[in-house]
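Everything on this sheet refers to the single structure shown next.
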Amino acid sequence: MADVKIEDNPKILSGPVLTNSPNAVLSKTLLSRYNDLPLPADKIIATYIWIDGTGEHLRCKDRTISFIPRVPKELPVWNFDGSSTGQAEGHNSDTFLYPRAIYKDPFRRGNHVLVMCDTYKYNMEPTDSNNRVNCQEAYDRCKDEEPWFGIEQEYILLDSDLRPFGWPPGGFPPPQGPYYCGVGANKVFARDLVEAHYRCCLFAGVPIAGTNAEVMPSQWEFQVGPSVGVTAGDDLWMARYILHRLAEEYGVIVSFDPKPVQDWNGSGAHTNFSTKKMREDNGIIEIEKAIDKLSKVHMKHIKVYDPRGGKDNERRLTGLHETASINDFSAGVANRASSIRIPRSVAEEKKGYLEDRRPASNCDPYAVVDALMRTCILNE
Ligand code: ADP
Ligand code: MN
Ligand code: MN
Ligand code: MN
Ligand code: MN
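Each residue of the sequence shown is one higher than the last, beginning at 467 in this note's numbering.
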């Protein structure tokens, strides 16, 4: 432990070092004076949200509409400058936003909405980071199997100096152990942000299933789902957007990096998956069939389980810290050191779901859900 310093991790100290987040310094009460302003009843603000060219980060912009949108198709297609987001060349930069899912806006409330979009090039081909199109296509062909996904999103909070929030300057907190599901001011940091996120997600219509403090101080988890098919991707991306957006107000930074600090637990996006047949009596047979199929295409899945073709997960899936090695496929009941875990309760009831523990915290859930449907249901 002594020879490892946070400074050695380029992920943590890359970027400008600020002593104070400008956001944390701004007044948090002034806006309430203007939030009270009565707006014209026919003016509704829609925030269009999309994944940028990194496949990992989100962008958003707002527009006024004059009706309450009920389904995404009612909302106008919009565009943005793709050359500023890594999604187009400068000379042909108009990139298109297609609304795909609508949520209530927990920040503005009222009839205002958050809109999850996917992105298309000038010629209406999906952009390179648009994994939603394939996911939708796969889901359309296996709808009848009712694929459900529950994703456990782990993340850590960083201070404005890009070190884990609340960690002693230049050093480490006492070793991991007391922090997971911890209680107490020396065990968990920023529970108020986590609580705000939980409530905002429920208000918005994101089916958040729960939350807990994780193994590293300032590492947290929330679960989204079960959501059906491609909707699992919409729901998780929207939950991430709400978290980033709230963290602006608190003046902390959310990192979905899968291994922010060496020798401590990394962050994953365990993906719990079931089909109708798996949930029926003796569904364990279907679960075992799916695991057998997954065992044959391990590396194919690893390639889409983080935004860098498996590179990010190399740092995380070491075989230590409740992970299985990135090079081997394994499955087991209640085994947190395997690629796939069958929860104890599922083994006992002989039905339910499996947990794919491989996806990294910064994965694109559209790509993960897509791969699981194609391997386990569509036999591709
Ligand atoms: P863990 O024990 O691995 O920490 P969690 O309780 O954090 O598990 O998360 C379990 C997730 O599995 C939740 O998001 C839950 O909604 C989801 N889940 C439960 N049943 C199913 C199912 N039949 N199919 C898919 N996901 C499910
Ligand atoms: Mn402009
Ligand atoms: Mn969990
Ligand atoms: Mn966890
Ligand atoms: Mn898990």
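Ideal placement from N, C-alpha and C gives every residue a C-beta, glycine not left out.
Computed from a predicted structure; not experimentally measured.
For ligand 5, list every residue whose C-beta falls under 6 Å from any of its heavy atoms, going in chain order. Checking every Cβ against the heavy atoms of ligand 5 under 6 Å gives Glu618, His736 and Glu821.
Rounded to whole angstroms, what's the CA-CA distance from Arg782 to Cys608? Just pull it up for me. Indexing the sequence shown from 1 puts residue 782 at position 316. Indexing the sequence shown from 1 puts residue 608 at position 142. Distance between the alpha carbons of Arg782 and Cys608 is about 32 Å.
Which of helix, strand or coil does DSSP assign to Glu591? For the purposes of this step, residue 591 is taken as residue 125 along the sequence shown, with counting starting at 1. Glu591: coil per DSSP, three-state reduction.
Just how far apart, CA to CA, sit Ala512 and Leu580? The count along the sequence shown starts at 1 and reaches residue 512 at position 46. The count along the sequence shown starts at 1 and reaches residue 580 at position 114. Cα to Cα, the separation comes out at about 6 Å.
Burial state of Arg629, where buried means 16 or more other Cβ atoms lie within 10 Å: Taking the first residue of the sequence shown as 1, we reach residue 629 at position 163. Under this definition Arg629 is a buried residue.
Rounding to the nearest angstrom, what Cα-Cα distance links Gly734 and Asp502 in this structure? Residue 734 sits at position 268 when you count from the first residue of the sequence shown. Residue 502 sits at position 36 when you count from the first residue of the sequence shown. Gly734 and Asp502: Cα-Cα distance of roughly 40 Å.
Examine ligand 3 and report whether any of its heavy atoms sits within less than 7 Å of the Cβ of Gln602. Position 136 of the sequence shown, counted from the first residue, corresponds to residue 602. For ligand 3, not one heavy atom lies less than 7 Å from the Cβ of Gln602.
Is Gln642 near ligand 3 - that is, is its Cβ less than 7 Å away from at least one heavy atom of it? On the sequence shown, position 176 is the one that residue 642 refers to. Remark: the C-beta of Gln642 is outside contact range of ligand 3, defined as less than 7 Å to any heavy atom.
For His523, which option in Glu715, Ser811, Pro825 and Trp703 has the closest C-alpha, if you only look at C-alpha atoms? Numbered from its first residue, the sequence shown carries residue 523 at position 57. Closest by alpha carbon: Trp703.
By the three-class DSSP mapping on this structure, what secondary structure does Gly699 have? Counted from its first residue, the sequence shown places residue 699 at position 233. Of the three classes helix, strand and coil, the one that applies to Gly699 here is helix, per DSSP.
Proximity below 8 Å, CB of Cys647 to CB of Ala705: Residue mapping note: residue 647 aligns to position 181 of the sequence shown, counting from 1. Residue mapping note: residue 705 aligns to position 239 of the sequence shown, counting from 1. Result no, Cβ atoms of Cys647 and Ala705 do not sit closer than 8 Å.
How do the region 596-606 and the region 529-541 stand: do at least 3 beta-carbon pairs fall below 8 Å, yes or no? Contact between the region 596-606 and the region 529-541 is absent, because fewer than three Cβ pairs lie under 8 Å.
Closest to Asp747 by CA distance: which of Arg802, Ser532, Lys766 and Gly818 is it? As a position in the sequence shown, residue 747 is number 281, starting the count at 1. Among Arg802, Ser532, Lys766 and Gly818, the Cα nearest to that of Asp747 belongs to Gly818.
Since Ala797 and Ile757 should fall inside the 8 Å C-beta cutoff, what is the C-beta to C-beta distance between them, to a whole number of angstroms? Counting from 1 along the sequence shown, the entry for residue 797 is found at position 331. Counting from 1 along the sequence shown, the entry for residue 757 is found at position 291. That pair is a contact at about 5 Å.
Closest by CA to Asp606, which one among Val696, Lys653, Asp778 and Pro673? Working through the sequence shown from its first residue, we reach residue 606 at position 140. It is Val696.
Closer than 7 Å by C-beta to Gly699: which residues in its own chain qualify, once you throw out the five before and the five after it? Chain order, please. To locate residue 699, count along the sequence shown from 1; it is residue 233. The residues are Arg598, Cys601, Pro831, Tyr832 and Val835.
Coil, strand or helix - Leu580 by DSSP: What you label residue 580 is simply residue 114 of the sequence shown in a count that begins at 1. Leu580: strand per DSSP, three-state reduction.
Any non-hydrogen atom of ligand 1 closer than 7 Å to Ser740 Cβ: Taking the sequence shown and counting its residues from 1, one reaches residue 740 at position 274. Result yes, Cβ under 7 Å from ligand 1.
Phe638 - DSSP class collapsed to helix/strand/coil: Your numbering for residue 638 matches position 172 in the sequence shown. Of the three classes helix, strand and coil, the one that applies to Phe638 here is coil, per DSSP.
Does the Cβ of Glu687 lie closer than 7 Å to at least one heavy atom of ligand 3? For the purposes of this step, residue 687 is taken as the residue at position 221 of the sequence shown. Glu687 Cβ: within cutoff of ligand 3.
Counting only the same chain and skipping the five closest in sequence on each side, list residues whose C-beta sits under 6 Å from that of Val483. Start at 1 with the first residue of the sequence shown, and residue 483 comes out as number 17. Legend: pLDDT at Val483 = 49, less than 50; position of this residue unreliable, value from coordinates given subsequently. Close CB contacts of Val483 within its chain, under the 6 Å cut and outside five residues either way in sequence, are with Asp627 (chain order).
Coil, strand or helix - Gly691 by DSSP: In the sequence shown, the residue the question calls residue 691 occupies position 225. In this structure, Gly691 counts as strand in the three-state DSSP scheme.
With a 10 Å radius around its C-beta and 16 neighbouring C-beta atoms as the bar for buried, classify Thr789 as buried or exposed. Along the sequence shown, read from residue 1 onward, the residue named residue 789 stands at position 323. Buried is the call here.
Using the beta-carbon count (16 or more within 10 Å), is Leu496 buried or exposed? Working through the sequence shown from its first residue, we reach residue 496 at position 30. With fewer than 16 Cβ atoms within 10 Å of its Cβ, Leu496 is classed as exposed.
Excluding sequence positions up to five away, which residues of its chain have a Cβ less than 7 Å from the Cβ of Ala826? On the sequence shown, residue 826 is found 360 positions in, with the first residue counted as 1. Closer than 7 Å at Cβ, skipping near neighbours: Pro724, Gly734, Ala735, Tyr771, Asp772, Asp778, Asn779 and Arg782.
DSSP three-state label for Asp469, please. Start at 1 with the first residue of the sequence shown, and residue 469 comes out as number 3. Model confidence at Asp469 stands at a pLDDT of 34, short of 50, so the residue's coordinates are unreliable and nothing is read from them.
Contact test: Pro831 Cβ vs ligand 1 heavy atom, cutoff 7 Å: In the sequence shown, counting from the first residue as 1, residue 831 sits at position 365. Outside the cutoff, so no.
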